[in-house]
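Numbering (the working numbering), first residue to last: 1353 to 1543. For each residue, glycine too, the CB sits at the ideal point set by N, CA and C.
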């Protein structure tokens, strides 16, 4: 008798767990929709930047790496210039910043870096601006990031301060997978 009672108890638990009872709740239909979760862009001081085919990840706004067969360090530093705006139209502001790279040789190279929000970040997120230039600011204008800086023409020595104003422009391509970088100036450096 105890065996029959135990068997009936187990059977009723099993039927209840497997949906053996009548329920008014409909079973949800299967869906092939992918839920996209918008994410805020990474913290620029601790983010990866793709420069010349290599990803460099800053820690607290800088990175120092040894250079092969050299005692000199390859240094990257995040500058204070920053712009925000929704370049990928997902409803969350993206961030544009300026980085410098000093490899211990004669130049100090400036890059515009962009960190996007969304489920799929854009990996190739930097553009070379120039060598030993002077940054004036970054703005978000008409769906694009614009960085204003001073540079030199090809005939001006690097000993001279930069004096030609250039506006570097970053916008997303139609597929929203790559940045297109252009520039404009008043003397024909940007062609």
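Here's the rule I'm using: 16 or more other beta-carbon atoms within 10 Å means buried, otherwise exposed. How should residue i be labelled?
i	result
residue 1428	buried
residue 1529	exposed
residue 1405	exposed
residue 1439	buried
residue 1478	buried
State the start and end residues of the unbroken beta strand (DSSP E) segment that holds residue i.
i	result
residue 1489	1486-1493
residue 1400	1400-1403
residue 1434	1425-1437
residue 1446	1446-1454
residue 1479	1478-1483
residue 1527	Per DSSP, residue 1527 belongs to no beta strand (DSSP E) and is neither H nor E.
residue 1461	1460-1467
residue 1440	Where residue 1440 is concerned, there is no enclosing beta strand (DSSP E), given that its DSSP letter is neither H nor E.
residue 1500	1496-1503
residue 1533	1531-1537
residue 1506	Counting along the chain, residue 1506 falls outside any beta strand (DSSP E), and DSSP gives it neither H nor E.
Looking only at its own chain, which residues have a Cβ that is under 6 Å from the Cβ of residue i, when we skip the five neighbours before and after it?
i	result
residue 1536	1519 and 1542
residue 1475	1402
residue 1424	1456
residue 1492	1435 and 1437
residue 1426	1417, 1419 and 1455
residue 1407	1400
Judging by CA-CA distance, which residue of the options is the nearest neighbour of residue i?
i	options	result
residue 1463	1489, 1445, 1529 and 1526	1489
residue 1459	1521, 1511, 1439 and 1448	1511
residue 1435	1465, 1417 and 1516	1465
residue 1417	1454, 1507, 1469 and 1516	1454
residue 1484	1424, 1406 and 1503	1503
residue 1452	1527, 1494, 1414 and 1469	1414
residue 1443	1419, 1422, 1426 and 1469	1469
residue 1494	1441, 1395, 1433 and 1508	1441
residue 1534	1445, 1422 and 1497	1497
residue 1445	1395, 1509, 1527 and 1508	1395
I believe residue i touches residue j by the beta-carbon criterion, under 8 Å. Please report the beta-carbon distance rounded to the nearest angstrom.
i	j	result
residue 1393	residue 1447	5 Å
residue 1450	residue 1431	4 Å
For residue i, I'd like the list of residues in its chain whose CB is within less than 7 Å of its CB, leaving aside the five on either flank, ordered along the chain.
i	result
residue 1516	1502, 1503, 1504, 1505, 1537, 1539 and 1541
residue 1481	1462, 1463, 1464, 1499, 1501 and 1520
Which same chain residues end up closer than 8 Å to residue i when comparing Cβ atoms and leaving out the 5 residues on each side of it in sequence?
i	result
residue 1532	1522, 1523, 1524 and 1525
residue 1513	1486 and 1502
residue 1409	1398, 1399, 1400, 1401 and 1415
residue 1422	1456
residue 1433	1449, 1450, 1487, 1489, 1490 and 1499
residue 1412	1397 and 1398
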